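Trainee:
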Amino acid sequence: MFSNIGWGEMLILLVAALVILGPERLPGAVRWTAHALKQARDYATGASQQLRNELGPEFDEIRKPLEQLNELRGMNPRSMVTKHLLDGDDSILNSFTDLTKFDKPGSSANSGNGSSNSGYGPISMPAEQKPLERNERPPVDPDAT
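Counted from 1, the sequence shown has number 972 at position 54 by this note's numbering; the numbering is strictly sequential.
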């Protein structure tokens, strides 16, 4: 249910609750929250079970297009190529991603002189420009205007 909340966020919420509620009221608040979440989950399960009972086999027919829609939501160009052209084997695409990774300046694989281990030769970095003086106009780039 809370798959997008990490342990760090949970710790921050716990500390905030401890500060706001205090140690006396915190256990009661935790019990109330757990009870409310369990009750909401039971209502949702009961509603889906009631729909399944009332609709019978038609419930599965309604559910199939929704599952297809969820499958389409996860599609991106890479997953489409993998699924339809490569039969789920993405090892070829993984070899291409290894070729497209460039070393960042200042990284451990980069020696700091603009050269990298990617096999493309040295990369020249633009010269660092000095800041403008007060009331100095910046240079005009005719291609940018």
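Don't be surprised by glycine CBs; every beta carbon is placed ideally from N, CA and C.
No experiment lies behind these values; they were computed from the predicted model shown.
At what residue ranges does the segment 951-992 contain a whole run of the alpha helix (DSSP H), taking only runs of 4 or more?
Mentor: For the segment 951-992, whole alpha helix (DSSP H) runs of length 4 or above, ordered along the chain, are 975-991.
Trainee: Taking Ser-935 as the reference, give the member of Glu-989, Val-948, Ser-1013 and Met-993 with the closest Cα.
Mentor: By one-based count along the sequence shown, residue 935 stands at place 17. The displayed chain sequence assigns Ala, not Ser, to residue 935. Measuring from the Cα of Ala-935, the nearest candidate turns out to be Val-948.
Trainee: Gly-926 by DSSP, collapsed to three states: which one?
Mentor: To locate residue 926, count along the sequence shown from 1; it is residue 8. Reduced to three states, the DSSP call for Gly-926 is helix.
Trainee: What residue does the alpha helix (DSSP H) around Pro-1040 start on, and which one ends it?
Mentor: Numbered from 1 along the sequence shown, position 122 holds the residue referred to as residue 1040. Where Pro-1040 is concerned, there is no enclosing alpha helix (DSSP H), given that its DSSP letter is neither H nor E.
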